[in-house]
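Colleague: Below you'll find the structure I mean.
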Amino acid sequence: MDIKDIENIIKILKQNEVTEFELEQEGTRVKLSRTAAGAYVSSEVRYDVVPAVHVAAPAAFAAAPQDDLGRFTKVESPIVGTFYRKPSPDADFFVKEGDVVSKGDTLCIIEAMKLMNEIEATTSGRVVKILGTEGKVVEFGETLFLIDPAG
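FYI, the numbering for the sequence shown is 0 to 150, going by numbering that gives the first Met the number 0.
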C-alpha cells in the first residue's frame, strides 16, 4: 500500500461521509477516524518496517466566499504531505499574495515520505489567496492557492 492508495481511500471516505475505516493488507494496517472538525486522523502500522507512523490531517482551510471561487483557478494538492512556501527555512517565499505568476512557476513544496514535490502554477495570473499554512499537513485535493487568470 502506498500514499496514493491512502489518498484515494480518504477521498472516497470524505465523499461518502464515512467516520471510521480500517484496512489490513500485505502487512500494513491503516485505521482512519474522522474528527468532529472533519479532519481524518490516521495511524499506519507496517509490521515489517516500523512499529507505527501517525499522520494528522488538518481541518479544511478557510476559503474565499463561494461566489468568488468561480472566477479563480484553484491549485490543489496532488498528494498528502507537509506544505512549505519556501525552499529552505532561511529562503524567501516562492510567492506571496498579490504576486503575478506564469504557468509552471513553483508555488510551494509538499513534502511526502521524505520527498520534496514542487507544486507549480496551473495557469498564469495573480495569486489572490494562499490557503496552505507553512509547515502544516495538507490533504489530497485540498485547495492551496487561488489564482486570478485575469489578474
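All C-beta atoms, glycine included, are put in the ideal place defined by N, C-alpha and C.
Restricting to Cα atoms, I'd like to know which of K3, V94, E21 is closest to K128.
Modeller: It is V94 whose Cα lies nearest to the Cα of K128.
Colleague: So E119 packs on T142, CB below 8 Å; how close in whole Å?
Modeller: The Cβ separation is near 15 Å, so there is no contact.
Colleague: May I ask you to report which of helix, strand or coil DSSP gives D89?
Modeller: If DSSP states are grouped into helix, strand and coil, D89 belongs with coil.
Colleague: Pick helix, strand or coil for E138, following the three-state DSSP scheme.
Modeller: E138 falls in the coil class under three-state DSSP.
Colleague: Do you know offhand how far E96's Cα is from E133's?
Modeller: Cα to Cα, E96 sits roughly 14 Å from E133.
Colleague: Please classify L130: is it buried, with 16 or more other beta-carbons within 10 angstroms of its beta-carbon, or exposed?
Modeller: That one is buried.
Colleague: Roughly how many whole angstroms lie between the Cα atoms of G80 and F20?
Modeller: So the alpha carbons of these two residues sit roughly 20 Å apart.
Colleague: Do you know offhand how far I5's Cα is from F92's?
Modeller: Taking the straight line from one Cα to the other gives about 29 Å.
Colleague: Ordered along the chain, which non-local residues of its own chain (more than five positions away) have a Cβ less than 6 Å from that of V17?
Modeller: Taken in chain order, the list of residues that qualify is empty.
Colleague: Looking only at DSSP bridge pairs, what is R125 linked to?
Modeller: Answer is V99, D147.
Colleague: Could you check the C-alpha separation between G112 and F82 for me, to the nearest Å?
Modeller: Looking at the sequence shown, residue 112 is not Gly but Met. Computed Cα separation, rounded: 13 Å.
Colleague: Looking at the structure shown, is N116 part of a helix, part of a strand, or coil, going by DSSP?
Modeller: In the structure shown, N116 sits in a strand (DSSP, three-state: E or B).
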